[in-house]
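Worksheet: the structure to be examined is printed underneath.
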Amino acid sequence: MEMQKEEAKMLQWHPAFFAEIQIELQEDAEHLIFENEHQLGTKPKEIDVLIIKKDKGRVIRKNIGRIFRQHNIVEYKSPLDYLSIDDFYKVYGYTCFYKSDTSQMDSIPIEELTITLVTGKYPRKLMHHLKTKLRYQVKKAESGIYYVTGDKIPIQIIVTKELTEAENLWLKSLTNELEQNETAEKLLEEYSKNQANALYRSVMELIVRANKQKFEEVKGMCDALR
199 MEMQKEEAKM LQWHPAFFAE IQIELQEDAE HLIFENEHQL GTKPKEIDVL
249 IIKKDKGRVI RKNIGRIFRQ HNIVEYKSPL DYLSIDDFYK VYGYTCFYKS
299 DTSQMDSIPI EELTITLVTG KYPRKLMHHL KTKLRYQVKK AESGIYYVTG
349 DKIPIQIIVT KELTEAENLW LKSLTNELEQ NETAEKLLEE YSKNQANALY
399 RSVMELIVRA NKQKFEEVKG MCDALR
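Take 199 as the starting number for the sequence shown in the working numbering and just add one per residue.
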């Protein structure tokens with residue numbers, strides 16, 4: 199039986215996600231600035247992850263970053279949480295606050311902002327709200343990635359459970375419900391090639407702790423993690 203939900207709640211999902219998104223975008227990492235829990239103003243409001251392109255004309259090759267412009271706001275929900283209608287408005291509000299929280303007027307053009315919402319499961323109520331209340335269009339770009347159009351700010355919703363292992367092995371595996379032994383084996387194989395990388399260690403430790411039984415079923419786990 200997988201880790202109980204109460205135990206899983208004790209795990210630090212957000213730091214692992216911050217490490218993981220840098221792994222996802224490592225091909226373009228030298229052209230990006232990553233900020234964890236970016237503070238807005240002087241009050242306790244923060245953006246989960248802020249990703250800034252050093253060169254706004256740079257095209258990001260990874261599937262989750264193709265939508266990116268210069269300033270990219272990312273909201274992450276752990277596998278034990280869900281993406282609600284009010285979460286959408288909170289992040290949208292934070293994005294507008296981020297645009298205005300500068301010393302020079304309009305120094306961050308609205309055309310250079312994007313919003314990325316990352317969640318474990320398909321947010322059915324939010325999707326319905328976007329389509330019926332806001333009259334936005336929602337298009338499935340590929341497995342697990344949905345583009346929301348109709349607003350001045352480009353928006354994407356990433357459903358990690360629907361991502362493919364071929365494209366997004368680590369992001370898909372950031373869960374307490376790892377299903378296949380084969381997935382655990384793939385993770386161990388990839389981790390063995392990157393053990394010296396602190397980002398991989400952070401993500402792998404969280405995944406193993408959240409899916410202890412699954413990894414215990416895979417022979418050689420302990421040796422691979424030493």
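Glycine included, C-beta positions come from ideal geometry on N, C-alpha and C.
Query raised in the report: Would a C-beta distance cut-off of 7 Å place D299 and L238 closer than the cut-off?
Result: yes
Query raised in the report: When burial is assigned at 16 or more other CB atoms within 10 Å of the CB, is M402 buried or exposed?
Result: Per the 10 Å Cβ criterion, buried.
Query raised in the report: Can you give, in chain order, each stretch of the beta strand (DSSP E) that sits fully within the region 264 to 310 and has at least 3 residues?
Result: 269 to 274
Query raised in the report: Can you tell me whether N379 is buried or exposed, with buried defined as 16 or more other CB within 10 angstroms of its CB?
Result: exposed
Requested in this report: Count the other C-beta atoms from every protein chain shown that fall within 10 angstroms of the C-beta of M199, then say buried if there are 16 or more, exposed otherwise.
Outcome: For M199, the predicted model reports a pLDDT of 44, less than 50, meaning its position is unreliable and no value from the coordinates is stated.
Report task. Measure the beta-carbon distance from G342 to T358 and round it to whole angstroms, keeping in mind my assumption that it falls under 8 Å. Result -> The C-beta distance from G342 to T358 rounds to 7 Å, short enough to fall under 8 Å.
Report task. Compare the beta carbon distance of A227 and S400 with 7 Å and say whether it is the shorter of the two. Result -> no
Query raised in the report: Starting from Y344 and walking both ways along the beta strand (DSSP E), at which residues does that stretch end?
Result: DSSP places Y344 in the uninterrupted beta strand (DSSP E) bounded by I343 to T347.
Query raised in the report: Whose CA, out of Q354, V289, Y320 and D253, lies closest to the CA of N261?
Result: Distance from the Cα of N261 is smallest, within the candidate group Q354, V289, Y320 and D253, for Q354.
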